[in-house]
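Colleague:
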Amino acid sequence: MKFFPIFLVGFFVTIEATVDSIDFEILLRALELPRAVRNCVDPMINILQISFTKGDPVGDLGEICKSYNKTTECMQKTNTASTGKVFRIASSGIGNLCTIKWPFLEKNMDCLKIHAGYKSRACDAKCGMTKALSDLSHDGEVILLAKTGGNMVKMLTKLGNVCSGARCYLPCFRNQLNMSCTRAGGMIVDALLKPFHFLAAFVKDSGPLVHGFLKNNLPPTCSFLTNQTALIDIRKGEIS
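My numbering applies: residue 2 is where the sequence shown begins, and numbers increase by one.
1. Using CA atoms only, rank isn't needed, just tell me which of D111, D43, F203, S92 is closest to D61.
2. Whole-angstrom Cβ separation of V1 and L215, contact assumed at under 8 Å?
3. What runs of the alpha helix (DSSP H), each 4 residues or longer, lie entirely inside the stretch 63-135?
4. Please report the residue range of the alpha helix (DSSP H) in which F25 lies.
5. For a test of the three-state rule: what should DSSP assign to I48, helix, strand or coil?
6. Is it buried or exposed for H139, if we count other Cβ within 10 angstroms and need 16 for buried?
7. Quick check: C223 and C169, are their CB atoms within less than 8 Å of each other?
8. Excluding the five sequence neighbours on either side, which residues of its own chain have a C-beta within less than 8 Å of the C-beta of G187, listed in chain order?
9. Taking the CB atoms as reference points, tell me whether V211 and I27 lie closer together than 8 Å.
10. Considering Cα atoms alone, identify which of M130, I115, S207 is closest to S181.
11. Measuring straight from C-alpha to C-alpha, what distance separates M2 and P104?
12. Would DSSP call E239 helix, strand or coil?
13. In chain order, which continuous runs of the alpha helix (DSSP H) of length 4 or greater are located wholly inside the stretch 139-221?
14. Would you mind giving the Cβ-Cβ distance between P209 and L160, rounded to the nearest angstrom? I have them listed as a contact below 8 Å.
15. Which residues in the same chain as M45 place their Cβ atom closer than 8 Å to its Cβ, once the five residues preceding and following it in sequence are excluded?
16. Can you tell me whether P35 is buried or exposed, with buried defined as 16 or more other CB within 10 angstroms of its CB?
17. Quick check: the Cα distance between R184 and A231, rounded to an integer number of angstroms?
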């Protein structure tokens with residue numbers, strides 16, 4: 002979960018809401034990311050923030066993908082093999098958008114530029130995902146964690162509202178975008194869920210130590226992230 006910000010990158014690509022109130026720096030520091038990782042990830046985060054400020058992350062997806070490729074190269078050069086592998090899994094959502102699904106997105110970019118923004122804003126207004134992230138980044142305990150070196154486990158326990166927002170937002174965005182841009186919502190949400198399918202498979206094959214850790218630290222509203230059936234339901238657009 003040290004790469005949770007990278008999991009979120011994919012969500013941010015779809016959100017065209019006002020995210021100025023989200024303090025990315027606080028979240029990154031609170032999650033205890035190693036400096037070598039930060040050196041690679043920070044440029045991509047900066048490009049995302051610029052894109053959000055402009056209000057056009059879908060239109061900027063080409064530049065975001067270029068930055069993602071540079072981040073991947075940096076991770077391969079400057080971090081351990083195990084860290085690089087975890088990064089590839091954590092970033093597999095945006096990686097899937099930038100590779101396998103890129104021809105589809107490029108072909109449908111005109112439709113996406115017209116419809117993705119207001120569809121996303123409507124779902125975010127309904128589900129409160131941006132607000133949950135903003136509240137988390139301004140939480141007093143999170144700020145203290147950021148100032149004292151970070152603590153991944155404590156941060157994990159505080160993700161409940163973010164997970165609730167994501168569980169609501171993903172099927173909403175899928176269904177709404179599909180109405181205007183055929184299959185686009187499903188294609189994007191399918192990509193965003195890639196890392197969580199890896200996570201669910203890992204948890205399924207893990208022993209009691211991992212299951213005990215998740216039971217004690219993962220908020221109940223986040224349990225769908227480790228459940229293949231729940232993830233498939235979201236891919237189908239089913240809202241719980």
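Glycine included, C-beta positions come from ideal geometry on N, C-alpha and C.
Modeller: This is what the structure gives:
1. Taking the sequence shown and counting its residues from 1, one reaches residue 61 at position 60. Nearest of D111, D43, F203, S92 to D61, Cα basis: D111.
2. The question about residue 1 has no answer, for the chain in this structure spans 2 to 241.
3. Listed in chain order, they are 82-91, 93-99, 103-108, 110-128.
4. Counted from its first residue, the sequence shown places residue 25 at position 24. From DSSP, the alpha helix (DSSP H) with F25 extends over 25-31.
5. Translated into the one-based positions of the sequence shown, residue 48 becomes position 47. I48 sits in a helix when the DSSP states are folded into three classes.
6. The count along the sequence shown starts at 1 and reaches residue 139 at position 138. By the neighbour-count rule (16 or more Cβ atoms within 10 Å), H139 is not buried but exposed.
7. Residue 223 sits at position 222 when you count from the first residue of the sequence shown. Residue 169 sits at position 168 when you count from the first residue of the sequence shown. Remark: C-beta atoms of C223 and C169 do not approach each other more closely than 8 Å.
8. Mapped onto the sequence shown, residue 187 falls at position 186. R175, N179, R236, G238, listed in sequence order.
9. Counted from its first residue, the sequence shown places residue 211 at position 210. Counted from its first residue, the sequence shown places residue 27 at position 26. Against a cut-off of 8 Å, the Cβ pair of I27 and V211 comes out as no contact.
10. Within the sequence shown, numbered from 1, the residue matching residue 181 stands at position 180. Of the candidates M130, I115, S207, the one whose C-alpha sits nearest the C-alpha of S181 is I115.
11. Here residue 2 refers to the residue found at position 1 of the sequence shown. Here residue 104 refers to the residue found at position 103 of the sequence shown. Note that M2 scores a pLDDT of 49, beneath 50, so its modelled location is shaky and nothing firm can be said.
12. Residue 239 sits at position 238 when you count from the first residue of the sequence shown. Coil, per DSSP.
13. Secondary structure within the stretch 139-221: the alpha helix (DSSP H) runs of 4 or more consecutive residues, fully enclosed, are 141-148, 153-157, 161-181, 185-193, 195-205, 209-218 (chain order).
14. As a position in the sequence shown, residue 209 is number 208, starting the count at 1. As a position in the sequence shown, residue 160 is number 159, starting the count at 1. Actually they are not in contact, since the Cβ atoms of P209 and L160 sit about 23 Å apart, beyond 8 Å.
15. Along the sequence shown, one-based indexing puts residue 45 at 44. Result list for M45: V10, I65, S68, Y69, K71, T72, in chain order.
16. Counting from one through the sequence shown, the residue named residue 35 turns up at place 34. The residue is exposed, with fewer than 16 neighbouring Cβ atoms inside 10 Å.
17. Locating residue 184 in the sequence shown gives position 183, where the first residue counts as 1. Locating residue 231 in the sequence shown gives position 230, where the first residue counts as 1. Their backbone Cα atoms lie some 20 Å apart in a straight line.
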